[in-house]
Amino acid sequence: MSNIRITKQFSFETGHALYGYDGKCKNVHGHSYKLSVTVIGSPITDRSNVKFGMVIDFSDLKKIVKEEIVDQFDHATVFNETTPHLELANELKNRGHHVILVDYQPTSENMVVDFADRIIARLPKDISLFSLKLQETESSFAEWYASDNI
Numbered sequence: 000m001s002n003i004r005i006t007k008q009f010s011f012e013t014g015h016a017l018y019g020y021d022g023k024c025k026n027v028h029g030h031s032y033k034l035s036v037t038v039i040g041s042p043i044t045d046r047s048n049v050k051f052g053m054v055i056d057f058s059d060l061k062k063i064v065k066e067e068i069v070d071q072f073d074h075a076t077v078f079n080e081t082t083p084h085l086e087l088a089n090e091l092k093n094r095g096h097h098v099i100l101v102d103y104q105p106t107s108e109n110m111v112v113d114f115a116d117r118i119i120a121r122l123p124k125d126i127s128l129f130s131l132k133l134q135e136t137e138s139s140f141a142e143w144y145a146s147d148n149i
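One point on numbering: in numbering that gives the first Met the number 0, the residue at position 51 of the sequence shown is 50, and numbering is uninterrupted.
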């Protein structure tokens, strides 16, 4: 049976700041992120299975990505927990803001690696993550490919 790639796209709004950066992104700002998630596998061949002919039900993939990424990062502000931004993060939390502290600089490059790890941990054993594309602006994005990370 052939391997088929399935892609689902997601959108979410997230703020961040890049501590120590030498440009405008050192300031707290936000993006309307677009995330494309591509998985690969063989379509189900068991005719008695309600998912017959599918690699993965789009709604099952949606549930994974929604729970692991969209619900957590949408309308949150992300800071690197190992920088002085921790003080700002704590102040925002105390004022009721949704803040996520990560152990990396919250660039698109690092976020896409984090997202890949989260998704891989939740996929069924016969489905693999093929690639992720995290777009932070209309013309700027980071991509993660399984083949580059063996």
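Heads up, the beta-carbon is just placed ideally off N, CA and C, and yes, glycines get one too. Predicted model, so just to flag it, every value in this text is computed and none were measured.
Q | Nearest candidate by alpha-carbon position, reference TYR32, set SER146, ASP147 and GLU142 | A | GLU142
(Q) Does the structure place the region 83-90 close enough to the region 30-49 that three or more beta carbon pairs sit under 8 Å? (A) no
Q: Would you mind stating whether THR37 and ILE5 have Cβ atoms separated by less than 8 Å?
A: yes
Q: In angstroms with no decimal places, state the Cα-to-Cα distance between GLY29 and ASP45.
A: Roughly 45 Å separates the two Cα atoms.
Q: Look up LEU60 in the DSSP assignment and say whether it is helix, strand or coil.
A: Helix.
Q. Between GLU80 and the rest of its own chain, which residues show a CB-CB distance below 7 Å, the 5 nearest in sequence each way excluded?
A. LEU100, VAL101 and ASP102
Q | Neighbour-count burial assignment, CYS104, 16 or more Cβ in a 10 Å radius | A | Reading off the sequence, residue 104 comes out as Gln, not Cys. Result: buried.
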